[in-house]
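What follows is a single structure, written as structure tokens, with notes after it.
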Amino acid sequence: MSTKAYAAQSASSPLAPFSLTRRDPLPTDVLIDILYCGVCHSDLHQARNEWGNTVYPCVPGHEIVGRVAKVGTAVKKFKEGDLAAVGCMVDSCGACETCKSGLEQFCETGGTVFTYNGPDRHSGGVTYGGYSENIVVDEAFALKIREGADLAATAPLLCAGITTYSPLRHWGAGPGKTVGIVGLGGLGHMGVKFAHAFGAHTVLFTTSPGKAEDARRLGADEVVVSRDADAMARRARSFDFILDCVSAQHDINAYLDLLKLDGTLALVGAPEHPLPVSAFSLLMPRRNFAGSAIGGIPETQEMLDFCADRGIVSDIEMIGVRDVDAAYERLLKGDVRYRFVIDMASLKGSA
Ligand code: NAP
Ligand code: ZN
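Position 317 (the sequence shown) corresponds to 583 in this note's numbering; numbering is contiguous.
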């Protein structure tokens, strides 16, 4: 079926209307009419080929919420009219130990297929993401959303939510732990909400002093302006865990130096260029430098249910699809409060 979308045709061209073809639902597929799609900094990195692997045309978007319009003959989890969501993945091998343990993002056979710019096993081409009218996905990669949720503010949970929830759970953010979140953007603001909800003493590091009040409202117990060297020095060796959500170059050693003995700094931010690490920031006192990527499907559902139970959603600014390039420019300036979400109804009037 022919589907309206917005695509980047090259690393330097603005996003523009594009028509793509979705497969007819196979027995275990659902067709989802997309209502809202969040704008992740990864969309910008990939639309502009900052990770060096973009296939054009590129239709970004992996924070997708919509309604099921059609189900394949063998679908069990969904019926027509149900709410459904899709995050960063649409496929994996399903057979390796890692997939079987619910960590499909780390499929051992390299079989993880990302929602866009991934090798589409069905079409033989590339996957196209959520800046589009609809998406067809195997029900195993579609998540359940409860009726009554603020759907636009729920969309960012599918990437910004799970990408922060998963490492905070993995490294035990909770009561008695001092946890730092670096960067108050889409990921960072969800990181603050989750670290607070899990009961950790939550400290937000920001380059934007103007975000301090918001950070406290979102759940931070303390705010440190990272350009203030004295404020940073006062926090040396005081953190159990730091989650780095920064999209651009920055000094990673400045944060490693804040870890206690055996503390961990996990990167989720994925800047274009490598971040130099000083050996001495790790050696003394025996620190860990780690990374994390989104979360598996079972944990994504767990996170969505956790959020639904506690009324946690994203703080968003709604935009039309024509505003995506302007939103990207604002992301580059750190000017986001705290996630742009595209109202997909705006696609209808586009050429
Ligand atoms: P975002 O909304 O643009 O937020 C990034 C924040 O980083 C900014 O708001 C800003 O916060 C801070 N920042 C920006 N430039 C900086 C600089 N030069 N120095 C220091 N701080 C700076 O981005 P996002 O959507 O949250 O994504 C963040 C990163 O995570 C991106 O690289 C994205 O690709 C990556 N990501 C990774 C995964 C994964 O699975 N690992 C998943 C999704 C996204 P302040 O104003 O508070 O300083
Ligand atoms: Zn993302």
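Where a beta carbon is used, it is the ideal one built from N, C-alpha and C, also for glycine.
Predicted model, so just to flag it, every value in this text is computed and none were measured.
Report all residues from its chain with a CB closer than 8 Å to the CB of residue i; omit the five preceding and five following residues, and keep chain order.
{"i": "R482", "result": "V489"}
{"i": "T294", "result": "G338, A340, V341, D404, E405 and A406"}
{"i": "L417", "result": "L301, Y302, V331, L349 and I411"}
{"i": "K345", "result": "V334 and V337"}
{"i": "G485", "result": "V458, K459, A461, H462, A463 and T468"}
Residue i: beta carbon under 7 Å from a heavy atom of ligand 1?
{"i": "T381", "result": "no"}
{"i": "H539", "result": "no"}
{"i": "A514", "result": "yes"}
{"i": "G454", "result": "yes"}
{"i": "V602", "result": "yes"}
{"i": "A419", "result": "no"}
{"i": "T375", "result": "no"}
{"i": "S612", "result": "no"}
{"i": "A495", "result": "no"}
{"i": "H311", "result": "yes"}
{"i": "V534", "result": "yes"}
{"i": "L597", "result": "yes"}
{"i": "T472", "result": "yes"}
{"i": "T429", "result": "yes"}
{"i": "G451", "result": "yes"}
{"i": "K410", "result": "no"}
{"i": "C303", "result": "no"}
{"i": "K477", "result": "yes"}
Run the CB neighbour count on residue i, radius 10 Å, all protein chains shown included, and call it buried at 16 or more, exposed below.
{"i": "F407", "result": "buried"}
{"i": "H539", "result": "exposed"}
{"i": "Q515", "result": "exposed"}
{"i": "N319", "result": "exposed"}
{"i": "L423", "result": "buried"}
{"i": "L281", "result": "buried"}
{"i": "G452", "result": "buried"}
{"i": "P542", "result": "exposed"}
{"i": "L525", "result": "buried"}
{"i": "T287", "result": "exposed"}
{"i": "M267", "result": "exposed"}
{"i": "D480", "result": "buried"}
{"i": "G442", "result": "exposed"}
{"i": "S278", "result": "exposed"}
{"i": "P291", "result": "buried"}
Cβ of residue i versus every heavy atom of ligand 2: is any distance shorter than 7 Å?
{"i": "H328", "result": "yes"}
{"i": "C425", "result": "yes"}
{"i": "S558", "result": "no"}
{"i": "C354", "result": "yes"}
{"i": "C365", "result": "no"}
{"i": "S547", "result": "no"}
{"i": "S308", "result": "yes"}
Helix, strand or coil: which one does DSSP assign to residue i?
{"i": "F606", "result": "strand"}
{"i": "K477", "result": "helix"}
{"i": "R333", "result": "strand"}
{"i": "L492", "result": "Per the sequence shown, the amino acid found at residue 492 is Ser instead of Leu. Coil."}
{"i": "P283", "result": "strand"}
{"i": "V458", "result": "helix"}
{"i": "Y382", "result": "coil"}
{"i": "V543", "result": "coil"}
{"i": "L548", "result": "helix"}
{"i": "K410", "result": "strand"}
{"i": "F372", "result": "helix"}
Can you list, in chain order, the residues of its chain with a C-beta nearer than 6 Å to that of residue i? Leave out the 5 residues immediately preceding and following it.
{"i": "M569", "result": "G427, I428 and Y431"}
{"i": "D487", "result": "H467 and T468"}
{"i": "I560", "result": "C354, Q371, I428 and T429"}
{"i": "Y594", "result": "L310"}
{"i": "G600", "result": "S474"}
{"i": "K270", "result": "E399 and L613"}
{"i": "G586", "result": "S612"}
{"i": "D609", "result": "M584"}
Should residue i be flagged as near chain C, meaning a C-beta pair shorter than 8 Å?
{"i": "D528", "result": "The structure shown contains no chain C; it holds only a single protein chain."}
Whose C-beta lies closer than 7 Å to the C-beta of residue i among residues of the same chain, with five residues either side of it excluded?
{"i": "C359", "result": "C365, C373, T375 and G377"}
{"i": "A497", "result": "V490 and V491"}
{"i": "F460", "result": "T430, Y431 and L434"}
{"i": "L527", "result": "P551 and R552"}
{"i": "R493", "result": "T473"}
{"i": "P326", "result": "D309, Q312, A313, Y382, G395 and Y397"}
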